[in-house]
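Numbering (the numbering used here), first residue to last: 102 to 331.
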Ligand code: BV8
């Protein structure tokens, strides 16, 4: 019965003040990705990796959800189980905006994971740079993403798929539009950059402006026809 699946990337958090990964101010700017977002990088230099994620975690305390996060939470309140939100982001802005049914497929900056037992714990504040047993609960390159099987199931019965603020660079998230399309869904993207990916609809502009307008349209459609898909 799944009707609407929404995928978000770093672009949805830009108006909250967080950087994207691959823009000129890219988060990994100055760091080869492999040194930061890989198990090998953590093994080779845990202090560098803990320092990088400590800085990001501290940033989270300085930022707040923006109207795009808030609009998606509002949409979930009306659509309920007819909507599912998957995010590639490791910030907690969707959850702080009130979204509940969220798959954080690349992990969660507010959690740490034991390298041997896999135990996951909530963590706020800095992790000591000398810490090697507790790593950020973040999916690094070469590691299995979280909740993928269940996301593919939802995409396979979606009527609409919307990608918001993602460059479509990273697998397997960059396959979601194709999975949804092959299941007969209408696909759309909201991005500040007009290029990238093949979607049935593309709205170009800032997420904080376009996502509330998109949500209003879906809610209007839902109110008149009970169908959440414009
Ligand atoms: C896996 C956590 C298998 C860390 C991240 C060769 C070819 C193809 C694939 C591969 C390959 N070699 C390896 C792979 C697989 C690899 C991959 O995809 N590599 C790429 C880089 C080539 N993927 C993996 O390894 C994945 N795992 O495949 O596992 C497996 C299976 C079984 C068992 C074991 C293993 C794991 C990938 C997860 C990596 N971790 N993050 C951290 O966050 O620090 S990925 C990282 O990129 C972030 O999560 C980020 O969210 C994600 C995607 O980036 P975006 O969110 O799209 O951000 P980006 O900056 O790229 O783009 C921002 C967009 O926003 C832009 O389009 C911009 O225009 C737009 N924008 C900007 N401002 C706004 C805006 N839009 C709207 N409004 C605005 N204001």
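Glycine included, each C-beta is placed from N, C-alpha and C at the ideal position.
{"Query": "Since residue 173 contacts residue 195 with CB under 8 Å, what's their CB separation in whole angstroms?", "Result": "7 Å"}
{"Query": "Which runs of the alpha helix (DSSP H), 4 residues or longer, sit entirely within the segment 234 to 297?", "Result": "249 to 256, 277 to 283"}
{"Query": "Quickly, what does DSSP pair residue 172 with across the bridge? List them, please.", "Result": "Note: residue 172 sits in no beta bridge, so no partner."}
{"Query": "Closer than 7 Å: is that where the CB of residue 304 sits relative to any heavy atom of ligand 1?", "Result": "no"}
{"Query": "Whether or not the segment 250 to 261 and the segment 282 to 292 are in contact is what I'm after, with contact meaning three or more pairs of Cβ atoms, one per stretch, closer than 8 Å; do they touch?", "Result": "yes"}
{"Query": "Could you give the DSSP three-state label for residue 208: helix, strand or coil?", "Result": "strand"}
{"Query": "For residue 182, count the other beta carbons within 10 Å of its own beta carbon; 16 or more makes it buried, fewer makes it exposed. Which is it?", "Result": "exposed"}
{"Query": "Just to confirm, is the Cβ distance from residue 186 to residue 203 under 8 Å?", "Result": "yes"}
{"Query": "So, are the CB atoms of residue 146 and residue 227 less than 8 Å apart?", "Result": "no"}
{"Query": "Can you check whether the CB of residue 134 is closer than 8 Å to the CB of residue 300?", "Result": "no"}
{"Query": "Between residue 195 and ligand 1, is there a pair consisting of the residue's CB and a ligand heavy atom that are separated by less than 7 Å?", "Result": "no"}
{"Query": "Take every Cβ of the segment 246 to 255, pair it with every Cβ of the segment 293 to 309, and state whether three or more of those distances are shorter than 8 Å.", "Result": "no"}
{"Query": "What residues match up with residue 214 in a beta bridge as DSSP calls it?", "Result": "221, 236"}
{"Query": "Do you know offhand how far residue 179's Cα is from residue 320's?", "Result": "8 Å"}
{"Query": "Is residue 295 buried or exposed, if buried means 16 or more other CB atoms sit within 10 Å of its CB?", "Result": "exposed"}
{"Query": "Under 7 Å Cβ to Cβ from residue 160, same chain only, skipping five residues before and after it: list those, please.", "Result": "119"}
{"Query": "Per DSSP, residue 109 forms a beta bridge with which residues?", "Result": "188, 265"}
{"Query": "Using CA coordinates, which residue listed in 216, 200, 302 is at the minimum distance from residue 141?", "Result": "216"}
{"Query": "Quick check: does the Cβ of residue 242 come within less than 7 Å of any heavy atom belonging to ligand 3?", "Result": "Judged by which ligands are present, ligand 3 is missing from the structure shown, whose ligands are ligand 1."}
{"Query": "Using a threshold of 7 Å, is the CB atom of residue 236 nearer than that to any non-hydrogen atom of ligand 1?", "Result": "no"}
{"Query": "For residue 145, which residues does DSSP report across the bridge?", "Result": "Partner(s): none; residue 145 has no beta bridge."}
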